[in-house]
Amino acid sequence: NNTIQSVLKNLGIQDINPSWSTGSQWGPIADHPALTSFSPVDGAKIADIHAADTEQYESVLKTASAAALVWKKVPAPKRGDIVRQLGDALRAKKNDLGTLVSYEMGKSLQEGFGEVQEMIDICDFAVGQSRQLYGLTMHSERPQHRMYEQWHPLGIVGIISAFNFPVAVWSWNAALALVAGNVCVWKPSSKTPLCAIACQHILAEVLKANDLPEGISSLLIGNAVGDQMNNDKRIALVSFTGSTRIGRIVSAAVATRFGRSILELGGNNAIIVSKDADLDMSIIGAVFGAVGTAGQRCTSTRRLIIHEAVYDAFKEKLVKAYGQLRIGDPLDQNNHVGPLIDKGAVQDYLNAIEKGKAEGANFIVEGGVLSGDTYESGCYVKPCIAEVENHYEIVQEETFAPILYLIKYKTIDEAIALQNGVPQGLSSAIMTLNLREAELFLSANGSDCGIANVNIGTSGAEIGGAFGGEKETGGGRESGSDAWKGYMRRQTNTINYSDTLPLAQGIKFDL
Ligand code: UN1
């Protein structure tokens with residue numbers, strides 16, 4: 005594929021196929037590849053990649069540990085300036101990196117560009133944050149004492165990211181972790197290693213241009229790396245984005261050694277479509293939410309909870325909209341929906357449809373795998389819609405595919421109970437022009453999710469807000485707001501500038 009070869013060349017990584025990197029150092033380019041990256045777009049092999057072995061892991065961690073001592077001495081606003089330069093480099097590479105994301109992961113080119121834009125946005129955010137790592141001051145109960153708190157770097161931050169946002173999720177973590185004074189070790193999804201190599205290369209060039217040492221940002225490829233990181237006391241924080249199943253393992257392993265984790269796990273996101281919704285506008289939110297990234301966002305819309313009075317009308321509009329969807333090569337901007345990540349994901353999609361049917365799901369738009377000319381990768385599937393009940397086992401699960409479930413409701417309280425009636429708690433939305441309903445949905449008696457929207461869909465969160473969710477979504481927050489605090493340790497300081505040493509709580513202790 006010529007396009008992709010020139011993209012790899014522009015990104016400077018056409019000859020790089022390593023298992024690790026500590027910045028400008030990459031290695032090794034061995035003869036016997038252990039992993040291969042295939043594009044779900046056309047099934048072609050993009051590159052052979054190696055999995056890092058224990059020795060390589062150790063050597064990377066050693067370099068990272070040494071770099072941590074240097075990096076935390078750099079003043080935070082100067083660290084911010086490095087992240088500013090990363091943002092500038094990403095602006096320059098937006099087309100190439102976005103295209104690589106689209107080709108290696110399979111999301112539409114527009115969404116590939118959008119993902120790189122999220123990286124640029126978080127860099128901008130982190131630059132500002134680097135001058136705002138604020139601690140509070142407190143009034144001491146003792147005379148001539150001062151109390152305050154400050155925020156210090158943690159040391160090494162481990163980032164484990166998923167295939168569906170192969171570049172943005174790393175940047176949410178790395179941009180904040182870096183301005184906070186940490187060094188980063190990144191284990192990307194083994195399904196999208198080239199995207200990770202490209203990002204690492206872009207950041208490495210910035211670090212090198214600023215004469216910074218190896219190890220401020222490292223990359224380790226291969227599935228075994230995740231377990232090593234979870235159990236490694238040198239890694240103060242593991243930020244994991246991925247499935248609830250793996251998140252449970254990460255969380256337990258990291259907690260056992262009293263490490264910190266930030267978990268951003270599965271979602272089962274619903275939109276409530278009220279009888280007072282603007283139905284035409286709601287269609288855009290619902291359809292993009294369900295079929296965008298071929299249903300492989302953790303924020304994808306999986307359930308529509310529709311008021312009985314507008315149920316038939318909305319269903320009709322949905323079916324019509326699905327009829328207009330163009331499925332195919334995501335690099336062709338005429339298409340709306342690209343492939344799933346691999347054949348394993350296609351099988352999960354088929355299993356979910358079968359399980360749904362066995363439980364009583366009524367498919368009003370049928371699914372299926374596309375075959376023939378432009379679909380030779382075998383990863384293209386039809387977005388489908390089924391009428392279901394919320395309690396079906398399959399409806400309670402997150403299937404990373406474009407399967408949309410419709411559920412009917414009568415009262416707003418019932419709709420909120422249905423929305424909350426799943427194990428996950430990431431994103432949620434209500435479509436309504438009714439102020440009472442909207443405010444109820446956002447209140448403590450409303451959505452139990454980390455994200456709750458009014459008159460927009462469940463996906464497409466901006467980086468300025470804290471991103472993450474409750475229950476089996478794991479409770480972690482990445483990205484904006486005060487998520488930076490998750491990447492630092494808080495220290496409370498009390499300073500006595502009097503000439504006596506009074507004890508707190510009025511305790512008398514005379515010698
Ligand atoms: C994810 O799917 O892991 O809110 C992240 C969104 C994107 C990020 C999704 N900004 O849909």
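Going by full-length UniProt numbering, the sequence shown opens with residue 5, and the numbers climb by one from there.
Ideal Cβ positions, reconstructed from N, Cα and C, are used throughout, including at glycine.
Asked	Found
Measure the alpha-carbon distance for Ala202 versus Asn6 and round it to whole angstroms.	18 Å
From the DSSP output, read off the bridge partner residues of Leu308.	Ile275, Leu410
What residue range does the alpha helix (DSSP H) around Leu439 cover?	439 to 446
With distances taken from CA atoms, which of Trp176, Tyr501, Gly246 is nearest Gly468?	Trp176
Between Glu474 and Gly454, is the Cβ-Cβ spacing less than 9 Å?	yes
Under three-state DSSP, which class holds residue 4?	In this structure the chain extends from 5 to 515, so residue 4 is not present and cannot be described.
My assumption, with CB atoms under 8 Å, is that Trp24 sits in contact with Val64. Please give the rounded CB distance.	5 Å
Please tell me whether Tyr396 and Gly360 are closer than 9 Å, where the distance is taken between their beta carbons.	yes
Can the beta-carbon of Thr196 be found less than 9 Å from the beta-carbon of Glu108?	yes
Are the CB atoms of His149 and Asn500 within a distance shorter than 9 Å?	yes
Could you tell me whether the segment 36 to 50 touches the segment 132 to 142, where touching means 3 or more Cβ pairs closer than 8 Å?	no
Please determine, among Gly372, Thr415, Asn394, Lys412, the residue with the shortest C-alpha to C-alpha distance to Pro406.	Gly372
Is DSSP giving Tyr501 helix, strand or coil here?	coil
If contacts are defined as beta-carbon pairs under 8 Å, then Ile206 and Lys97 qualify, I think. What distance do you get, rounded to the angstrom?	6 Å
In terms of residue numbering, what span does the alpha helix (DSSP H) encompassing Tyr152 cover?	Run containing Tyr152: none in the alpha helix (DSSP H); it sits in the beta strand (DSSP E), 149 to 157.
Tell me whether Gln400 is buried or exposed, calling it buried when 16 or more other Cβ atoms sit within 10 Å of its Cβ.	exposed
Just to check my reading of the structure: Leu182 and Ile86 have Cβ atoms closer than 8 Å, yes? What is that Cβ distance to the nearest angstrom?	7 Å
Is the closest heavy atom of ligand 1 to the C-beta of Cys203 under 8 Å?	no
Is Val431 near ligand 1, in the sense that its beta carbon is under 8 Å from a heavy atom of that ligand?	According to the sequence shown, residue 431 is Ser rather than Val. Checking every heavy atom of ligand 1 against the Cβ of Ser431, one is found closer than 8 Å.
Is the beta carbon of Val45 within less than 8 Å of some heavy atom of ligand 1?	no
Reducing DSSP to helix, strand and coil, say where Gly31 ends up.	strand
Just reading off the alpha helix (DSSP H) that Asp417 is part of, what are its end residues?	416 to 424
Suppose you measure from the CA of Thr260 to the CA of Ile253; what does that come to, to the nearest Å?	11 Å
Please list the segments of the beta strand (DSSP E) lying wholly inside the segment 182 to 262, counting only runs of 3 or more residues, in order along the chain.	187 to 191, 221 to 224, 239 to 245
Since Ala433 sits in a beta bridge, which residues does DSSP pair it with?	Ile275, Asn457
Taking 9 Å as the cut-off, decide whether the C-beta atoms of Ala172 and Glu209 are in contact.	no
I need the boundaries of the alpha helix (DSSP H) containing Arg264, first residue and last residue.	Arg264 -> not in any alpha helix (DSSP H); beta strand (DSSP E) instead, spanning 264 to 268.
Using only the alpha-carbon positions, how far apart do residue 3 and Leu408 sit?	Outside the shown range of the chain, which is 5 to 515, sits residue 3, and nothing can be said about it.
Would you please verify whether the beta carbon of Ala70 is less than 9 Å from any beta carbon of chain B?	The chain inventory of the structure shown lacks chain B, comprising one protein chain alone.
Could you give the distance in angstroms between the alpha-carbon of Pro217 and the alpha-carbon of Gln495?	28 Å
From the DSSP output, read off the bridge partner residues of His143.	Arg150
Check whether the Cβ atoms of Gly342 and Ala294 lie closer than 9 Å to each other.	no
In terms of DSSP beta bridges, what is Gly478 paired with?	BP columns for Gly478 are empty, so no partner.
Measuring only the C-alpha atoms, how far is Ala274 from Thr477?	14 Å
For Gln232, which residues of its own chain have a beta-carbon under 7 Å away from its beta-carbon, when the five flanking residues on both sides are left out?	Tyr61
For Thr67, I'd like the list of residues in its chain whose CB is within less than 6 Å of its CB, leaving aside the five on either flank, ordered along the chain.	Thr26, Glu218, Gly219
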